[in-house]
Amino acid sequence: MSKKIYVGNLSYSTTEETLRNQFSQFGEVETVTIIMDKITNRSKGFGFVEMTDDDAARDAISTLNQKDIDGRKVRVNEAEERKSRPRFDNSRQ
Numbered sequence: 000m001s002k003k004i005y006v007g008n009l010s011y012s013t014t015e016e017t018l019r020n021q022f023s024q025f026g027e028v029e030t031v032t033i034i035m036d037k038i039t040n041r042s043k044g045f046g047f048v049e050m051t052d053d054d055a056a057r058d059a060i061s062t063l064n065q066k067d068i069d070g071r072k073v074r075v076n077e078a079e080e081r082k083s084r085p086r087f088d089n090s091r092q
């Protein structure tokens, strides 16, 4: 079972490759996604890393949390499932 990890406070210049390199020191990285603004196509400063092994993910979280990556101390913790929110309906009745 894979473990999804939240990585926050990223520099706008941090790439998915940079994150993959940091996390692959602890085990196999399945996916890396940096969340981008749809309009500006610039990083929103956070992303997710999915690792194949839970123990490796825990090691990565404990070691990389508050570590400097590209000049920023990143926040690294286990990702939480997003609660569903009602969709905004712009239609008028």
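What the sequence shown shows, in numbering that gives the first Met the number 0, is residues 0 to 92, in sequence order. For every residue, glycine included, the Cβ atom is placed at its ideal position computed from N, Cα and C. None of the values given here were measured: they were computed from a predicted structure.
On the CB-based measure, 16 or more other CB atoms within 10 Å of its CB, does residue i come out buried or exposed?
i	result
MET35	exposed
LYS2	buried
GLY46	buried
Give the DSSP bridge partners of residue i, in chain order.
i	result
ARG71	ILE68
GLY7	PHE45, ARG74
With C-beta atoms as the reference, is residue i less than 8 Å away from residue j?
i	j	result
MET50	GLU27	yes
VAL75	LEU9	no
Give the secondary structure of residue i by DSSP, where H, G and I count as helix, E and B as strand, and everything else as coil.
i	result
SER42	strand
THR13	coil
THR62	helix
Give a single yes or no on whether residue i has its beta carbon closer than 7 Å to a heavy atom of the ligand COA.
i	result
SER23	In the structure shown, the ligand COA is absent, as is every other ligand, since no ligand is present at all.
Does the segment 67–77 come into contact with the segment 28–42, if we say contact requires no fewer than three beta-carbon pairs (one atom in each stretch) closer than 8 Å?
no
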